[in-house]
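These protein sequences, in sequence, are chains H and U. So the mapping is simple: the numbering used here equals the position in the first sequence, first residue as 1, plus 25. So the mapping is simple: the numbering used here equals the position in the second sequence, first residue as 1, plus 1. Structure, as structure tokens:
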Amino acid sequence: MASTRVIAPYVLVLPSFVLAALIVIWPVNELAQLASHSVNRFGQIRDFVGMANFAALLDDPNFIASLWRTGIWTIGVVGGAIICSVPVALVLNEDFYGRDLARVIVMLPWAVSLTMTAIVWRWALSGESGMLNSALLELGVIDQNIQWLAEASTAFPMQILIGILVTIPFTVTIILGGLSSIPDDLYEAAALEGAGRWEQFRHITLPLIAPFLNIALVLNTIYVFNSFPIIWAMTQGGPANSTDILVTYLYKVGFRLGKLGEASAVSLVMFGILLVFTLIYVRLTTAKGAKI
Amino acid sequence: MNSSKLRRSLVCWLVLSPIVVTALFPFAVMLITALKPNTEVLTPTWWPSRVAWENFQTMWTATNFGNALRNSLYVSVLATLGSLIVSIPAAYALTRFDFKGREFYRQFLLVTQMLSPIVLVVGLFRLMVALGVIDNINAVTVVYAAFNIAFSVWMLQSYFATIPLDLEEAAWMEGAGRARTLVKVFLPLAVPAIVVTAIFTFINAWNEFVIALTLLRSQDSYTLPIQIFSLVSGRYTVEWHHVMAATFAATVPVAIAFAWLQRYLVRGLALGAVK
């Protein structure tokens, strides 16, 4: 009996471990092989070339540009989503008529696949017949059609805005979880002491939801950094690679140009960056656990 | 008292109005375009002159919707079942046993969660080529199941931890074995958690893009997102009323299920984040 108690948890955990490991470890090993060898057009692995694939990346201006743009994309979307989500979550935490409906509407973009969202926006933003232009024309905001997706200066900010829109639901969810853990009597006590709403927010709400904001920040950074469909389905990184981020660059190099070695090198670079984010996440969650 | 709540409601809705409008805008675009007669699709007016319900019918055949729908259902249902079958025991072990390697296993799950499919896509593609299962929806199903394990275990575990141990202990006292207790006592209590997790896994699989885009090569095996994407990418003329009708038909059932269930997700994630 005692021995089955010792073995049981491992038996229970094993199938999930094997399945997840198969889908992670084999590909990671493959990526390491591809990145350190020269690979011909048919995907056969040739000579060991050390860091040559990485060096080739550094020589490619598109890689450097994509790297920077990934930074702008990630900071823009995550920052924008957090700034928008705090007031939205605060409002959704109030008791008001139609709150359930409001919650559903705010959460809706989460339910739609990013691919579909991106395709719908691509149509809505079309220059000649797009419904955004016709709405803005009718409202008198603009007096001629804007070719939103024809150049990066309008396409990329639009993609960031859409990124923010689809990131808000998850962020609001996490913040609502934090808000629900704050006892009401804290506010009553503060109100008795004469603290205004802003002071209550600064000195009670914000410090207490800070751990939740941190978690939302790190998890969103990871999701947004990896986010492929919005940019791919709207512009495929175009026009002329001007809206490429690392993931779309990776996909193009790997599957359009067929340079699997360089694509694997990009993957490993991303892997390294993600590992740093993961370590930050682990630090944040364990530090919080220690405090409670 | 009531009039103050009314005033507060107005202010709340006013503050939320920008996000409400932007969240609903894509749905409006989808529905309005889907219902425009095809001669009006490219004219930049908001409202159609008449409601063209027949678009949904012509879309069905023109976009090969039925086949993609079948593929999506097949992949999503099997991936959900597969992921649950391995995740339920794992989540149970994490909540009810204290074993060596528990922390390692949790960190491992975290890493698989961080390594999104896109980072691994080149390696996954090579794996599937080596196994000879490119353009095979069963291969896609297995990959989806594997990538949803971390999320499922996390969600299930945070609910399982709220199920009191007393009931199981009472069953053991009466001489029921551990396995019997698990099936007769624990699992029935866990049904709501399992259903919620299943539905979110289903939605994840239903919406996935990059793996399907890479591993599926022929129209016959396309899932809905890829099928619809293929209607707009690399084409001179895009039948937007068909595309929007297809997007609407593929999105609305999932959106309704999600709207109904989002409160459970709020609870599950909040529990998971705190634990």
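We put the CB at the ideal spot given by N, CA and C, even for glycine.
{"query": "Where valine 64(H) falls: helix, strand or coil (DSSP)", "result": "strand"}
{"query": "Phenylalanine 203(U) - DSSP class collapsed to helix/strand/coil", "result": "helix"}
{"query": "Methionine 156(H) to isoleucine 50(H) span [Cα, whole Å]", "result": "46 Å"}
{"query": "Closest by C-alpha distance to histidine 62(H), when choosing among Asn87(H), Ala77(H), Asn54(H), Asp125(H)", "result": "Ala77(H)"}
{"query": "Assumed close pair alanine 250(U), phenylalanine 26(U) - CB separation to whole angstroms, cut-off 8 Å", "result": "At roughly 19 Å, the Cβ-Cβ gap does not stay under 8 Å, so alanine 250(U) and phenylalanine 26(U) are not in contact."}
{"query": "Residue environment, methionine 174(U), which counts as buried when at least 16 other CB atoms sit within 10 Å", "result": "exposed"}
{"query": "C-beta neighbour in chain H for glycine 124(U), strict 8 Å", "result": "yes"}
{"query": "Beta-carbon neighbours of valine 113(H), restricted to chain U and to distances below 9 Å", "result": "Val16, Leu17, Ile20"}
{"query": "Chain U contact for glycine 283(H) (CB, 8 Å cutoff)", "result": "no"}
{"query": "Beta-carbon contacts of alanine 213(U) that lie in its chain and below 7 Å, excluding the five residues immediately before and after", "result": "Val141, Thr224, Pro226, Ile227"}
{"query": "In DSSP terms, what phenylalanine 73(H) is bridged to", "result": "His62(H)"}
{"query": "Contact residues within the region 185-197 of chain U, judged by C-beta distance below 7 Å to chain H", "result": "none"}
{"query": "8 Å Cβ cutoff, lysine 316(H) in contact with chain U", "result": "Caution applies to lysine 316(H), whose pLDDT of 39 falls short of 50 and renders its modelled position unreliable; the value that the coordinates give is listed next. Taking Cβ atoms only, chain U never reaches closer than 8 Å to lysine 316(H), which makes this a no."}
{"query": "Lysine 277(H), buried or exposed, once every other Cβ within 10 Å from all chains shown has been counted against 16", "result": "buried"}
{"query": "Backbone CA spacing between valine 43(H) and glycine 124(U) [nearest angstrom]", "result": "17 Å"}
{"query": "Cβ-based contacts, 9 Å cut-off: residues of the region 203-214 of chain U near chain H", "result": "Ile204, Trp207, Asn208, Glu209, Phe210, Val211, Leu214"}
{"query": "Separation of phenylalanine 126(U) from leucine 201(H), as counted between CA atoms", "result": "39 Å"}
{"query": "Reference asparagine 208(U), options Val272(H), Trp135(H), Asn266(H), Asn245(H), closest by Cα", "result": "Trp135(H)"}
{"query": "8 Å contact criterion, which arginine 71(U) and isoleucine 135(U) should meet: CB distance rounded", "result": "The pair is not a contact, with the Cβ atoms about 20 Å apart (cut-off 8 Å)."}
{"query": "Buried/exposed call for leucine 242(H), threshold 16 Cβ in 10 Å", "result": "buried"}
{"query": "Distance, valine 12(U) Cα to glutamate 213(H) Cα", "result": "22 Å"}
{"query": "Rounded separation between leucine 164(H) and threonine 23(U) - CA only", "result": "16 Å"}
{"query": "Tryptophan 241(U) to tryptophan 148(H) span [Cα, whole Å]", "result": "8 Å"}
{"query": "Phenylalanine 73(H) at chain U interface by Cβ criterion, 8 Å", "result": "no"}
{"query": "Pairwise C-alpha distance: leucine 37(H) and arginine 179(U)", "result": "13 Å"}
{"query": "Whole-angstrom distance between proline 118(U) and isoleucine 150(U), CA atom to CA atom", "result": "13 Å"}
{"query": "Sequence-distant residues of the same chain with beta carbon closer than 8 Å to valine 21(U), five excluded per side", "result": "Trp14"}
{"query": "Within-8 Å CB hit, asparagine 266(H) to chain U", "result": "no"}
{"query": "Minimum C-alpha distance to alanine 29(U) - residue among Ala216(H), Leu133(H), Val307(H), Val53(H)", "result": "Leu133(H)"}
{"query": "Stretch-stretch touch, CB-based, cutoff 8 Å, three pairs: the region 247-259 of chain H with the region 174-192 of chain H", "result": "yes"}
{"query": "Assigned secondary structure, leucine 80(H) (DSSP; H/G/I helix, E/B strand, else coil)", "result": "What sits at residue 80(H) in the sequence shown is alanine, not leucine. Note: alanine 80(H) maps to helix in three-state DSSP."}
{"query": "Alpha helix (DSSP H) runs wholly inside the region 50-138 of chain U, at least 4 long, in chain order", "result": "55-63, 66-97, 103-115, 118-132"}
{"query": "Stretch-stretch touch, CB-based, cutoff 8 Å, three pairs: the region 215-234 of chain H with the region 292-301 of chain H", "result": "no"}
{"query": "The alpha helix (DSSP H) enclosing glycine 202(H), as first and last residue numbers", "result": "177-204"}
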